[in-house]
Structures are given as C-alpha cells and as structure tokens.
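Structure first, then comments.
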Amino acid sequence: MKKMVAVVAVSLLGLAACSSTNTSGSPAVPGEAKPAAAEWLAKAPVADAAAILPGSTMEKIKKRGELIVGGSLDAPLLSQQNPVSGEIEGFDADMGKALAKYIIGEPKVKIVNSASETREALLGNGTVDVVFQTYTITPERAEQVAFAGPYYTSGLTIAVKKGTTGIAKPEDLNGKKVIAGANTPAIAAIKKLAPKAEIVTFGSDPECMQALKQDRGVAYVQDETLLIANAKKDPSIEVVGNPFTQDPYGIGLKHGDEQFKTFVNDWLKKTQSAGVWQQVWKNSIGTVVQGEAPAPPQIGSVPGS
Amino acid sequence: MSVLLDHLPVIWQGLVVTLQLTVASFLGAAVLGVLVTAMRVSPVGVLRALGTAYVEAFQNLPLLVLLVLAFFGLPEIGIKAEPLVTAIVVISIYEAAYIAEALRSGVNSVGKGQGEAARALGLTFRQSLWYVILPQALRTVVQPLGNIIIALTMNTLLAGAISVVDLTEEAKRINLVEAQPIPIFVGVGLIYALIASGVGFVTGRLERRLVMVR
Amino acid sequence: MSSLLFDEPGPRARRRIRIATVVGVLAALALAALAVRQFAANGQLAPERWQPYATWPMWRYLLDGLWSTALAAVVSAALSMALGLVLALGRLSERRWLRVPSAAYVEVVRVIPALLLVYVVLFALPKYGLDLPLFWKLVVPLTVSNAAAFAEIFRAGILSIERGQTEAGLAVGLSRGQTMRMIVLPQAARRVLPSIVSQSVGLLKDTSLGFVVSYGELLYSGKVLASYNGLVIQTYVVVALIYLGVNASLSKLARVLEQRSRAHA
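Residue numbers (UniProt numbering), protein chains in the order written: chain A, 1 to 305; chain B, 1 to 214; chain C, 1 to 265.
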C-alpha cells in the first residue's frame, strides 16, 4: 500500500511540478482594481448612509466591501477583460463599478463570469449580487429574477460581407443561412421574423465573424453596437439597415428583493442625472458609435421591469 | 419533463443528428483505428513512427480545440466542408487514436505463439494480422472499445461548438426560451444515458459471446 | 511481438521501403507546402496576426489559465483516484452491501456525460441549499465522473494479479485485508500506472468544461483573448500547442515511470 501511495504521490507531484515550472515567475493577473483615473468615477454618486437600510442586501454588500457582479469577460465594449492590465472594461463593467461606488464608496467589484444558462441560478442562490450582462428584460425571465432598469436599450441588426445584395431587412433572411451567437436573443428574433432562415450558432463574436468571412452563412445577426465595432475593425464587413428589435437591458437582481430593486433604480436615476451614465457610454460604446450619448431609457418602462 | 415534451419535434431532430454523429464517427474511427494499429506493428519504420505520433497527438489534445481549429482553420488552407461533415471527420480522427491504443494493447495480449504459428504457415504480414491477430485482439478489447463508444457518444455534444445542431444544442435553444434548465438538461442527460447504456448492453453481450475460455 | 509478424526485410525489400518512404515524405512535404501557401495567401501568416502571441502579457494570461487548469486537474485527479480505489475495492468485496452500491455507482456514472453532471452541480444542487464555490463546481462533477473510470482501472489491475498471489498471502497467514494491501495492490498499481496517467490526461482535457461554470481555465482564457484581439485561428493554435506540450510531457513521464517500475520489479 505504502508503495502504491508513493507511486500515486509521485505522479501527482509530477503533475504539480510540471505545471508549476510552466508558470514560474508568472504572478497572478493583476486583478486588484487599480484606482481608475476616469473622471466619471469621481463624479459618480455615493448613497446616503440612511439609504443603506439595516438588514438589507445593500448593507450586506457594504459590509463585505465588494460588489459581486455576474458578467462576461469576453464582450468587447461591454465587459471585456484586458489581458494586459487584467482590468475588465466596457459599458456594463463600468456601470457595475459605479454601482459598487454608490453602495460601498469605492468601485470595488468582483466579476463572476456567468453564462446565459447560469444567470438565473447565480442570482437565485446569491452567488452574485447583480447581473450586468446584456440581460434583456422579458416577462418570462421576470418570473425568476427581478430587473432594475432598463439601463440601456439596444437592438439587433444584420451584418454581411461587403457586396452582398438582397439583404436589407430581417425578412430577407428567409431561406438563407444566418449566423448568430449561441445563447443570444438573436436566435429567437430570427425565428420570429424569418422563420425559414437556417440558424447556425457559434460560441463567441470573433468566431461568428470568422464564420461570416468564410461564408458559413450570408448574414450575421447580433447586437448593433458589437456589429458596428466589428465593421470598424474589419473593412470587409458592413452593417445593413437599422436595428430591427428594441432590447431593453435590465440589471438582474434576486427575485423578490423589492427593497434592493428600488435602491438600484434610485442609483440609476442619480447616475443619469449626474451625467455619469452618459460619460460611461461615451467611454465605451461611444468610441465606435458616432454622436452624443442617447437618452437613457425610462426606468420601469418595460413589462418585467 | 413536460418542457421537453412540448418541444418533442426539435428534440427528435437533435436526437437524429446526435445518432448520425455517433454512428458515422464510430465507423470512421474504427476504420482509421485499425489502419493506425496496422501502421504501428508494420515493418516500415516511418509508418510505425507516424502511427505512434498520431496516437500521441490526438490523445493529448482536447476534442473541443480540435473541432474549432479544424472548422475555422481548414477553410484557410482551401478545405471547406459542412459543419456536420467536419464534426464527423474530426471526432473520427480523435477517437481513432483511442481505438488504436486499445487495439494495440489487444494485439500485445495475443500470445506470441499465435504470430509465430501464422508465420510458420506462410501467411503474409497482412494475412496474419487480419486473420490471426486482430480477431483475437478484438476479443480482449470488446470492453474497452465499448467504453470508447460510450465516450464517443458523450463527446458528440461538443459538435455544437461548430454550429452542428445536435441534441444538446437543441436543449440549449429550448432553455433559452423556457429558462428551465433542470428539467431540460436532466431529461437530455437521460437520453444520453439511454444511448450509452444501449451501447454498454450490446458490448457486454458481445464480450460474453466472444471471450474465449482459456 | 510485432516483429514476429514479418520477416526481417531483405536487401530488396529494404530498398523498396526506402524508396517508398522518400516518395511518401516528398509527397507529404509538397502537400504541406501547398497548405502553408494557401494559409499565407489568406493572410493568416501575416506577422501582425501572430505578433500578440510574441508578447508576455498574452502568455501570462494563458499561463494563468493553464495554472487554473492544472490546479483543477490535480485536485480532481487526487480525489477521484481515492474514490475510485474505494469503489474498486467495494466492487470486489465479498460483502453484498458493499459490492452492489459500488457496482451501481460505476455503471450509472459511466453513462452520464460529464457536462450533464456539471449542469446538475450548477443548477440543481443550489436549489437544495448546496452552493459550491466556483472551483468545486468544476472539480466535483469531474471527480464524480472520473472516479468511475479510475474504479474500473483499479479493478482491472487487481483482477489481473494472478490468484496464486492472493492464495500465497493467505497461506502465510495474512488476513484478506493484509493480502490486498501488502501483496495485490502494490503489484496492481504498477500494472495500471499507464492507464492511470492516460486517464489523468483525459481529466486534464475535461477541465475545458470549466468554460461552462465560468472557471477561468486555459481554454476559457483563450476564448477571452480571441474576443480581445479577434484572432480566432491563431489563438486556438497557441492553446492547442500548450495542451499538446503539457499532455505529451505527462505521457512521457508515464513511460519513464513505467520503465523504472519495471526495472525494479
């Protein structure tokens, strides 16, 4: 027995040694949020002590000293990790920081990377406090989670390879192969507006782009912002027409936590009136979309919010 | 489970794709696996080295990485195939490495005398491998092969990453609308378990019939 | 034994083999050159597409992912080997109440995709008040599923030890437990070492399921990088090479260990 344990231990040590040599000298990615110099952050409001009700979710977060946000690491412009700095950048990420500052006084955020399939569970069991992740408010979802907001409205649009003809609106997609991101609202939207389209899905935006360039489909349906950014980076792609959906993004909260929902909605109003929302937009989405920041959507204006 | 029943037609479609993937990949992997095994015991040094390199490479790469690389990389060198075809070819190539490894251990387990006797009878390399060694090797590897087929069945769900709409992918799409992950994924898991138990049952029977009393 | 399947090739056969080898290698090289040319023609070899992977931050990010992969793999391998050994012994036990549940565990878990187990830990367990930290959301399902595989490996190893060994152990007055521990297991462990390592390599590859639970392992890190720099093909090539390097060294280690233990035996 001793011998066998030794054998197993040796092979395990081998495993460990082998991996540790590979990472020697590599410190953990500097995850500590270095004080962002962004001016919007300085302007971002902090809640009155009276608003942090005893026994409330916000009190819990304040005591913890960190807001746990369900989000993405791989959504450019919205919530994308920068491998060089380790920082997570984008509109959603910055909104999370602003909310953290409102509750705690400092923009201390831990992003728990969540997938579309897991968001409801993560909120339900309290793994995350809030979700900022292009989380479209729908009445079905509102049965399982609560939504503050909407804090942003976006829409789906269509991108094609330059020179493609005959595709100007979603109905034109009927009978064609259409690329969409796995687990994105695009799938349901295409099914509804172009029921005869054949939908092919890929796990990430760059994969969808690669597929479009390799003619795996004639069109790629995705959030307008992302597509505009893509077309900017890659001149062989163009965006056709205007957004054909209105997707109100909400801040996902635990179902039934009305107190916290009111609190988050108050914060949203304050960040908007302080001009912070607009500046966050300018820093992220505004770097590819021209013009001034749009008017933020009316809070509570959609069914489910 | 009623969520799944509401979507029976698409579940059925997904199941058909999963079965296609499983059966076609297994056939491909079996042919390739025998070929690679033959290479590994052949008289030609280069072939032996190639066979070994093949097994080494494909046993050491995650299938998901291979799928994505093949799907996006091959068109860039002028080879483009349908997603389903790409998935079947890649899964075949991947699982062939495991089959080759199992077969080789089977070949090694066949008594030395068998090869000597075959040679003494004047059989060629191909004949002795095909008529004497492989049939006996197969007997000892029915169980491991069964395990490989079961693993292959489960592995087909990775084809979703390259836009093949299989059982798991249909389930994910249903969940996107219904947001009821537990009944959906448990139900689909049961279907996989059923397929795999079917395979396990057949190989178990086969093993009992083929195993020689020594 | 393979050499017994054919005669040592004579001078003519050797010449033919050599010619065929040269022709074959040349043909392969020509094909490879064509592929590379096409690849370059599509701009995939452009320096700026590879340049990011010549920089340290990208590698640091990937190596960080590799570290997470290794950590999950090592912990899960250790736990599933321990559980697997218990299950194997249980399945070989003379006591029915140990044998039946152990066999049932192995047979049931074997036919359930690991991804589904991940989903169970992710979605179902929290509903019953068991919410594991992120790391364990990956490690627990991997352990549950790999324990069945390890159990079968150990069982096969124990069964492969000649009965005479057990009989001899009992004959010199050892108890069943002592015989198992002191005589059978050490020999069995040596025999199944290659299978154990190849199963561990499989487990390491399985950690790529971590992307489902959003555990930042190697493959997931690759995905984040690809979305940051938009280089899908290049990123996956680099990730594939890392997996290949790590797993090939593991397999190599297995062979060395195997030879060494054979030399001692």
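Heads up, the beta-carbon is just placed ideally off N, CA and C, and yes, glycines get one too.
Looking only at DSSP bridge pairs, what is residue i linked to?
| i | result |
| --- | --- |
| K254/A | V145/A |
| Q222/A | T157/A |
| F201/B | Beta-bridge pairing links F201/B to no other residue. |
| E238/A | V160/A |
| K177/A | E198/A |
| I68/A | K110/A |
| E249/A | Here residue 249/A is Tyr; the residue named in the question, Glu, does not match the sequence. T136/A, Y152/A. |
| A211/A | DSSP lists no partner for A211/A. |
| A75/A | S79/A |
According to DSSP, simplified to helix, strand and coil, what is residue i?
| i | result |
| --- | --- |
| D287/A | The sequence given here has Thr at residue 287/A, not Asp. In the structure shown, T287/A sits in a helix (DSSP, three-state: H, G or I). |
| K110/A | strand |
| I187/A | helix |
| T138/A | coil |
| D64/C | helix |
| V141/B | helix |
| V46/A | coil |
| V131/A | strand |
| S145/C | helix |
| K169/A | coil |
| Q44/C | coil |
| Y131/B | helix |
| N155/B | helix |
| P43/B | coil |
| E167/C | helix |
| A196/B | helix |
| I183/C | helix |
| V164/B | coil |
| F154/C | helix |
| L159/C | helix |
| L123/A | helix |
| Q298/A | coil |
| Q180/B | coil |
| E116/B | helix |
| E39/A | helix |
| A182/A | coil |
| E169/B | helix |
| V23/C | helix |
Residue i and residue j: beta carbons closer than 8 Å?
| i | j | result |
| --- | --- | --- |
| A87/B | L21/B | yes |
| L122/C | A51/A | no |
| T153/A | Q246/A | yes |
| A147/C | L61/B | no |
| V200/A | K176/A | no |
| F132/A | D92/A | yes |
| L78/A | G96/A | no |
| G106/B | T140/B | yes |
| I93/B | L32/B | yes |
| P206/A | V212/C | no |
| I77/B | F135/C | no |
| I103/A | I61/A | yes |
| A254/C | V197/C | yes |
| L173/A | A231/A | no |
| L123/A | W267/A | no |
| L67/B | V90/B | yes |
| A188/C | I161/C | yes |
| L203/C | A78/C | no |
If I'm right that residue i touches residue j with Cβ under 8 Å, what's the distance once you round it to whole angstroms?
| i | j | result |
| --- | --- | --- |
| I184/B | V111/C | The Cβ separation is near 19 Å, so there is no contact. |
| V164/B | V10/B | Actually they do not touch by this definition, with Cβ atoms about 14 Å apart. |
| Y215/C | A72/C | 7 Å |
| T157/A | L227/A | 6 Å |
| A194/A | E171/A | 6 Å |
| A180/A | I187/A | 5 Å |
| L167/B | V188/B | 6 Å |
Is there at least one non-hydrogen atom of the ligand ZN closer than 7 Å to the beta-carbon of residue i?
| i | result |
| --- | --- |
| G286/A | Of the ligands one can find in the structure shown there are none, so the ligand ZN has no counterpart to examine. |
Completely contained alpha helix (DSSP H) runs for the segment 79–104 of chain A, where each covers 4 or more residues: 91–104
Quick one: complete alpha helix (DSSP H) runs, 4+ long, within the segment 52–139 of chain C? 56–92, 96–110, 114–119
Those runs of the alpha helix (DSSP H) which lie wholly inside the segment 55–114 of chain B and span at least 4 residues: Entirely contained in the segment 55–114 of chain B, the alpha helix (DSSP H) runs reaching 4 residues are, in chain order, 63–73, 83–109.
Alpha helix (DSSP H) runs contained entirely in the segment 201–250 of chain C, provided each spans 4 or more residues: 218–229
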